[in-house]
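Notes to accompany the following structure.
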Amino acid sequence: MTRDDWDQTKERLLKTVGENNYKMWINPLALASIDKGIATIHVPTTFLGNYVSQNFADLILHEMKVSSRDLARLNFSVAPKTAASAPSPDFRRKTNTKPVSTNPLYTAPLEGRFTFDNFVVGKPNELAHAAARRVAEGGPVTFNPLFLHGGVGLGKTHLMHAIAQELRARSPELNVLYLSAEQFMYRFVQALRDRKMMDFKEIFRSVDVLMVDDVQFIAGKDSTQEEFFHTFNALVDQNKQIIISADRAPGEIKDLEERVKSRLQCGLIADLHPTDYELRLGILQTKVETHQATYPDLEMDAGVLEFIAHRISTNVRVLEGALTRLFAFASLVGRKITLELTQECLADVLRASERKTTIEEIQRKVSDHYNIRLSDMIGPKRLRSYARPRQVAMYLCKLMTSRSLPEIGRRFGGRDHTTVMHGVKRIEELKQSDGQIAEDLELLRRALEA
Ligand code: ADP
Ligand code: MG
1244 MTRDDWDQTK
1254 ERLLKTVGEN
1264 NYKMWINPLA
1274 LASIDKGIAT
1284 IHVPTTFLGN
1294 YVSQNFADLI
1304 LHEMKVSSRD
1314 LARLNFSVAP
1324 KTAASAPSPD
1334 FRRKTNTKPV
1344 STNPLYTAPL
1354 EGRFTFDNFV
1364 VGKPNELAHA
1374 AARRVAEGGP
1384 VTFNPLFLHG
1394 GVGLGKTHLM
1404 HAIAQELRAR
1414 SPELNVLYLS
1424 AEQFMYRFVQ
1434 ALRDRKMMDF
1444 KEIFRSVDVL
1454 MVDDVQFIAG
1464 KDSTQEEFFH
1474 TFNALVDQNK
1484 QIIISADRAP
1494 GEIKDLEERV
1504 KSRLQCGLIA
1514 DLHPTDYELR
1524 LGILQTKVET
1534 HQATYPDLEM
1544 DAGVLEFIAH
1554 RISTNVRVLE
1564 GALTRLFAFA
1574 SLVGRKITLE
1584 LTQECLADVL
1594 RASERKTTIE
1604 EIQRKVSDHY
1614 NIRLSDMIGP
1624 KRLRSYARPR
1634 QVAMYLCKLM
1644 TSRSLPEIGR
1654 RFGGRDHTTV
1664 MHGVKRIEEL
1674 KQSDGQIAED
1684 LELLRRALEA
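According to the working numbering, the sequence shown is numbered sequentially starting from 1244.
This is the structure:
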């Protein structure tokens, strides 16, 4: 870790903890050394060391890992008198400029490789990609908000960053603010505590484009939701573009106020579906080029990518990780990448992604199949048009997961295990007598195993 890295780490910490905390606790710290994964940080007093260690150690470690990946632990020790005295010149500059118009303190850093060029498009993400592209053109606002949702590791953050970077490149004059919902909450709480709500409101209401990632995070956090709702409305009224992502559709986010939900549903909702084989193969083919540039001498057998695309179907992040590991491993042992080597190197990942169907997936697939809402499937309604799909889903959960009946009941809106048992029995009977049900089951099972 260079001096620069440390300075940058501190700058990021300033953004996260806010000026007051920074001045009080972070700025007095001095990086003394890093050795065998342990960073020694000098503190002026034992008291300060204890406080920082209890309250900020995780955060500091997290930020330091950006440049020192192997760092495992921090060690605070009282410094010889001279270390860590005056605030760095950098910090002074920051405090003197009021962050109102360009809000450098509020927007989160963007990942350089998350661009549209690096995003592989396939059936499952076609709509989300097209909508993201449209918004990134920065033309007149046609749908507000754009709501992107999908499971973990399917490219939501990638698309969000791509939009932000494209907008900034095309229209540098636009004030684009990107942050996670968690950061939004953090800023909000901080503003409340520091009595800076006016600044907070001013900053958020003066942006041209507001992008909030992982908005499900604010569910159940009442005052943050309230503030988010007001910010949202103020911006929509001014016809400013808002882009939101979440791990599920607005209607399915629990503990989100109705008025927030309905606001979020006003624009375009685009779903990132789980990857299919073609998309996974496409992504692998793209990523393999970067790896081959890094390891030009490594050879790879035909069929290896196809094998991985077939066998690892969880999410793109896992897929990427597998490929990185494979190349690193092959280069270390100096062997060609064969199917055998792949199986050996990725044994644990392959095992982990073997038929690991979850209750949630089943509920999702079944409600899609019968065209009902997930909330109705899990909810209390007893109408036949909900009850039957519910029983089908319960049956599949029993069949395809290792969950117990009480556990399954819990996940279906807190139902009793006897209800689940009854449902499972009923479907077993129907499977014999009702051709349609038998066909549905077969279709669903195959889709879930794919
Ligand atoms: P999410 O935010 O939905 O959890 P991310 O956007 O962080 O997922 O994506 C996880 C990883 O997978 C990132 O490294 C991202 O670049 C990559 N990724 C996801 N979808 C694609 C895609 N269609 N093409 C290329 N890379 C992708
Ligand atoms: Mg994300």
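Cβ coordinates follow ideal geometry from the N, Cα and C atoms, glycine included.
Measure the Cβ-Cβ separation of residue i and residue j and say whether it is below 8 Å.
| i | j | result |
| --- | --- | --- |
| A1407 | Y1429 | no |
| T1259 | L1302 | yes |
| E1306 | R1255 | yes |
| H1392 | D1514 | yes |
| V1450 | F1472 | no |
| L1566 | K1530 | yes |
| V1547 | T1585 | yes |
| G1678 | Q1634 | no |
| Q1459 | A1489 | yes |
| F1570 | H1534 | yes |
| A1545 | R1523 | no |
| P1388 | I1461 | no |
| L1686 | I1605 | no |
| E1495 | L1402 | no |
| E1532 | I1580 | no |
| F1427 | F1443 | no |
If you draw a straight line from the C-alpha of residue i to the C-alpha of residue j, how long is it?
| i | j | result |
| --- | --- | --- |
| K1399 | T1288 | 44 Å |
| L1257 | L1272 | 13 Å |
| F1655 | I1680 | 20 Å |
| E1416 | V1384 | 17 Å |
| D1683 | R1646 | 22 Å |
| T1283 | I1277 | 6 Å |
| P1517 | G1396 | 9 Å |
| F1362 | R1627 | 42 Å |
| Y1703 | R1448 | An answer regarding residue 1703 cannot be provided, because it is not within the stretch 1244 to 1693 covered by the chain. |
| D1591 | I1526 | 21 Å |
| E1521 | F1290 | 58 Å |
| H1372 | V1364 | 7 Å |
| K1497 | G1394 | 16 Å |
| T1662 | I1555 | 35 Å |
| D1519 | M1441 | 47 Å |
| N1293 | D1437 | 23 Å |
| E1425 | E1380 | 27 Å |
| D1540 | R1312 | 26 Å |
| S1660 | I1651 | According to the sequence as given, residue 1660 is His; it is not Ser. C-alpha separation (whole angstroms): 8 Å. |
| Q1433 | I1446 | 14 Å |
| F1589 | S1574 | Residue identity check: residue 1589 is Leu in the sequence provided, not Phe. Their Cα atoms are separated by approximately 15 Å. |
| K1668 | N1614 | 23 Å |
| Q1675 | D1611 | 24 Å |
| L1499 | M1620 | 18 Å |
| Q1484 | F1475 | 10 Å |
| N1263 | Q1251 | 18 Å |
| C1509 | A1477 | 15 Å |
Does the beta carbon of residue i fall short of 7 Å from some heavy atom of the ligand ATP?
| i | result |
| --- | --- |
| V1395 | This structure lacks the ligand ATP; the ligands present are the ligand ADP and the ligand MG. |
Please report whether the beta-carbon of residue i lies at a distance below 8 Å from any beta-carbon of chain B.
| i | result |
| --- | --- |
| I1602 | Among the chains in the structure shown there is no chain B, since it carries only a single protein chain. |
Beta-carbon within less than 8 Å of residue i's beta-carbon, same chain only, minus the 5 sequence neighbours each way: which residues are those?
| i | result |
| --- | --- |
| T1340 | With a pLDDT of 34 at T1340, under the threshold of 50, the modelled position of this residue cannot be trusted; read the value that follows with caution. Hits under 8 Å: none found. |
| N1318 | I1281, A1282, T1283, I1284 |
| V1419 | T1350, A1407, L1410, R1411, V1450, D1451, V1452, M1454 |
| L1582 | D1544, G1546, V1547, F1550 |
| M1664 | L1648 |
| A1374 | F1386, L1389, L1391, L1511, A1513 |
| S1320 | A1275, T1283, I1284, H1285, V1286, G1292 |
Give every residue of the same chain whose Cβ lies closer than 7 Å to the Cβ of residue i, excluding the five residues on either side of it in the sequence, and list them in chain order.
| i | result |
| --- | --- |
| R1376 | F1359 |
| P1623 | G1656 |
| A1322 | A1273, H1285, V1286, P1287 |
| R1631 | none |
By Cβ distance, which residues of its chain are closer than 6 Å to residue i, with the 5 residues on each side in sequence left out?
| i | result |
| --- | --- |
| T1557 | S1596 |
| Y1265 | L1257 |
| S1310 | M1244, D1248 |
| L1673 | I1680 |
| G1261 | Q1433 |
| T1325 | Low confidence applies here, because T1325 scores a pLDDT of 41, under 50, leaving its location unreliable and the question unanswered by this model. |
| P1367 | H1516, T1518, D1519, L1522 |
| K1308 | L1314 |
| S1414 | G1381 |
### Task
Kindly confirm or deny that the stretch 1453–1472 and the stretch 1356–1375 touch, where touching means at least three C-beta pairs closer than 8 Å.
Taking a cut-off of 8 Å for Cβ pairs, the stretch 1453–1472 and the stretch 1356–1375 do not touch, as fewer than three such pairs fall below it.
### Message
For the stretch 1653–1672 against the stretch 1623–1640, do three or more pairs of beta-carbon atoms, one drawn from each stretch, fall closer than 8 Å, so that the two count as touching?
### Response
Contact holds: three or more Cβ-Cβ distances are below 8 Å.
### Task
Please confirm if the stretch 1582–1600 is in contact with the stretch 1553–1562, defined as three or more CB-CB distances below 8 Å between the two stretches.
Look at the beta carbons and you see the stretch 1582–1600 touching the stretch 1553–1562: at least three pairs across the two are nearer than 8 Å.
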